[in-house]
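Enquirer: Once you've had a glance at the structure underneath, I'll fire off some questions.
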Amino acid sequence: MAITLHLCRIPPRTDLFSSHSFAGSPCFRSRSSLSVKCSGDSSSSAAVESDFDAKVFRKNLTRSKNYNRRGFGHKEETLELMNREYTSDIIKKLKENGFEYTWGTVTVKLAEAYGFCWGVERAVQIAYEARKQFPDERIWITNEIIHNPTVNKRLEDMEVKNIPIEEGRKQFEVVDKGDVVILPAFGAAVDEMLSLSERNVQIVDTTCPWVSKVWNTVEKHKKGDYTSIIHGKYAHEETVATASFAGKYVIVKNMDEARYVCDYILGGELDGSSSTREAFLEKFKKAISPGFDPDRDLIKCGIANQTTMLKGETEDIGKLIEKTMMQKYGVGNVNDHFVSFNTICDATQERQDAMYKLVEEKLDLLLVVGGWNSSNTSHLQEIAELRGIPSYWIDSEQRIGPGNRIAYKLNHGELVEKENWLPAGPVTIGVTSGASTPDKVVEDALIKVFDIKREEALQLA
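Going by the working numbering, the letters in the sequence shown line up with residues -16 to 444, in that order.
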């Protein structure tokens, strides 16, 4: 869900950044007032004045006594609980048999990399530990822990509450001193961390280390006076957080938007897709840093990405920007105008590579299981659609039935219902799941498939 933040003024507090609160140096280089956006739409990244150092603030926050990102010593018992709730005998059988197994007339071929990644499992496990450590305290979370309805519902059942939103603004005033606040796997924007640290709450940070790696990259861009070109979705929680650590930035969703930016850099000599400065600012009005000027801020650029985007597209965008700078400034000067660090998440890459391999198999159809708001799952569906194989993206088994009916989502967002989606007779199904999807959710979906085929066999008997 996109969250629109509103500009507010927060006066600097010397106690917040003093050695009594955090170890290390203060974040402010002067005592002028601090401007942050207490919101979260593209431009939800914190709009702070030049005297605020987000990197130093985050470093000091991680050293404070009210901050935890390593858990509370309950790892073994919480992992045992998660195993009971989220593992699958069907998935185990598939793995034991070379990722392929036949039940009756249904042959299932499982992608070799699928489901929960390390960062997601870590985030959920630490959230479970937080409830174990603080059994009586109020626990809040700034966004969904991950993009999976089953896991999010489980945390809701554990009385982990979402920060309420009114008129597009998160209501952090509901959080009291002594409450516990979880930062999700996607991370949180600087303004949200600042608001929480001021309230003296217990912060439990489950941010994926791969996301933090991207933050470090855009901070390097900022230090070198490079504009960050972020390959991502401007309203996605992760990209919102990443942009808040950047200096100047523009967010591009795909190669078409990247070409538009590069065409503008070249004055229309790439493909003629760009137009005037005003048209540029209108096109990217929700996806650029405050005060962005394409004539001034696209001279030096660095590439970064939302970790769940298509690996190949991120790489192609990086190559396009580099080629653009070579054409504009000369091959010998490219390093003065373009910088690139590898920020592609290994888990995302592995699942995409496994999907490319799976679609080469002889399949009747594909079942893609993952949250409908999951970016990494959307790209698995995209791979299937590009290959031309009938593919059904569902977020839970509840999308299957009654009877041989399915409700599913296409990569571009359209929701579709289809009757008789399972062909009669023997069928070979490819299966994969997004990095936020527990194996148990995949099992529940496959059980629905087996039930449909079992009913078919009974009718033919």
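For glycine and all other residues, C-beta sits at the position ideal for the given N, C-alpha and C. Just so we're clear, the structure is a prediction, and the values are computed from it rather than from any experiment.
Identify which residue in Glu305, Gly255, Ile234, Ala94 has its Cα closest to the Cα of Pro273.
Expert: Looking at the Cα atoms, Ile234 is the closest of the given residues.
Enquirer: If I'm right that Ala168 touches Ile129 with Cβ under 8 Å, what's the distance once you round it to whole angstroms?
Expert: About 5 Å; that satisfies the 8 Å criterion.
Enquirer: I'd like the list of long-range same chain contacts for Leu349, defined as Cβ closer than 8 Å, with 5 residues on each side in sequence excluded.
Expert: Counting only Cβ-Cβ distances below 8 Å, and skipping sequence neighbours, we find Leu341, Val342, Ala367, Ile372, Pro373, Ser374, Tyr375, Ile412, Gly413, Val414, Thr415.
Enquirer: Using 8 Å as the threshold, is the C-beta distance between Tyr232 and Ile286 below it?
Expert: No; because the gap between Cβ atoms is not below 8 Å, this pair is not in contact.
Enquirer: In angstroms, rounded to a whole number, what distance separates the CA positions of Ala390 and Glu400?
Expert: Those two C-alpha atoms are separated by around 4 Å.
Enquirer: On the criterion of 16 or more Cβ atoms from any shown chain inside 10 Å, does His395 qualify as buried, or is it exposed?
Expert: His395 comes out exposed.
Enquirer: Helix, strand or coil, according to DSSP, for His130 in the structure here?
Expert: The answer is coil: DSSP assigns His130 none of H, G, I, E or B.
Enquirer: Does Thr85 come out as helix, strand or coil in the three-state DSSP assignment?
Expert: Thr85: strand per DSSP, three-state reduction.
Enquirer: Tell me which residue opens and which closes the alpha helix (DSSP H) that Gln364 is part of.
Expert: Where Gln364 is concerned, the enclosing alpha helix (DSSP H) stretches over 358 to 370.
Enquirer: Measure the Cβ-Cβ separation of Ala428 and Glu380 and say whether it is below 8 Å.
Expert: Yes. Within cutoff.
Enquirer: Less than 8 Å separating the beta-carbons of Trp123 and Asp162?
Expert: Yes. Within cutoff.
Enquirer: Below 8 Å CB to CB, which residues in the same chain sit around Arg334 once its five sequence neighbours on both sides are set aside?
Expert: Ala94, Ala96, Tyr97, Cys100, Asn359, Leu363, Thr415, Gly417, Ala418.
Enquirer: Please report the straight-line C-alpha distance between Tyr111 and Tyr69, rounded to a whole angstrom.
Expert: Going by the C-alpha atoms only, they are around 13 Å apart.
Enquirer: Is there contact between the region 280 to 298 and the region 187 to 203, where contact requires at least three CB pairs shorter than 8 Å?
Expert: Yes, the region 280 to 298 touches the region 187 to 203.
Enquirer: Opposite Phe321 in the DSSP bridges: which residues?
Expert: According to DSSP, which records beta bridges pairwise, Phe321 is partnered with Cys284.
Enquirer: Over what stretch of residues does the beta strand (DSSP E) that includes Gly413 continue unbroken?
Expert: Here the beta strand (DSSP E) through Gly413 covers 410 to 416.
Enquirer: Would you decide whether Asp294 is buried or exposed? Buried here means 16 or more other CB atoms lie within 10 Å of its CB.
Expert: Note that residue 294 corresponds to Lys in the displayed sequence, not to Asp. Buried, by the Cβ-count rule.
Enquirer: Does DSSP put Phe35 in a helix, in a strand, or in coil?
Expert: Phe35 falls in the strand class under three-state DSSP.
Enquirer: Here's a check: name, in chain order, each residue in its chain whose Cβ is nearer than 8 Å to the Cβ of Gly7, leaving out the five neighbours to either side.
Expert: Annotation note: pLDDT 39 at Gly7 (below 50); position unreliable, coordinate value reported separately. Around Gly7: Val39, Lys42, Asn43, Arg46.
Enquirer: Excluding sequence positions up to five away, which residues of its chain have a Cβ less than 6 Å from the Cβ of Cys328?
Expert: The residues are Trp193, Thr290.
Enquirer: Taking all protein chains shown into account, decide if Glu139 is buried (16 or more other Cβ within 10 angstroms of its Cβ) or exposed.
Expert: Label assigned to Glu139: exposed.
Enquirer: Let me know the secondary structure DSSP gives Val424 once reduced to three states.
Expert: Helix.
Enquirer: Compare the beta carbon distance of Thr61 and Pro421 with 8 Å and say whether it is the shorter of the two.
Expert: Cβ atoms of Thr61 and Pro421: not closer than 8 Å.
Enquirer: Under 8 Å: do the region 213 to 232 and the region 243 to 260 share three or more Cβ pairs, one atom per stretch?
Expert: No: the two stretches stay apart, fewer than three of their Cβ pairs being nearer than 8 Å.
Enquirer: When the distance is taken between beta carbons, is Gly386 closer than 8 Å to Lys431?
Expert: Not a contact, by the Cβ cut-off of 8 Å.
Enquirer: Can you pull the DSSP bridge partners for Ala390?
Expert: In DSSP, Ala390 forms a bridge with Glu400.
Enquirer: If Glu83 sits next to Lys92, beta carbons under 8 Å apart, how far is it from one beta carbon to the other, in whole angstroms?
Expert: Their Cβ separation, rounded to whole angstroms, is 5 Å, which keeps Glu83 and Lys92 in contact under 8 Å.
Enquirer: At which residues does the beta strand (DSSP E) containing Asn145 begin and terminate?
Expert: From DSSP, the beta strand (DSSP E) with Asn145 extends over 143 to 145.
Enquirer: How is the alpha helix (DSSP H) around His204 delimited, first residue to last?
Expert: From DSSP, the alpha helix (DSSP H) with His204 extends over 192 to 206.
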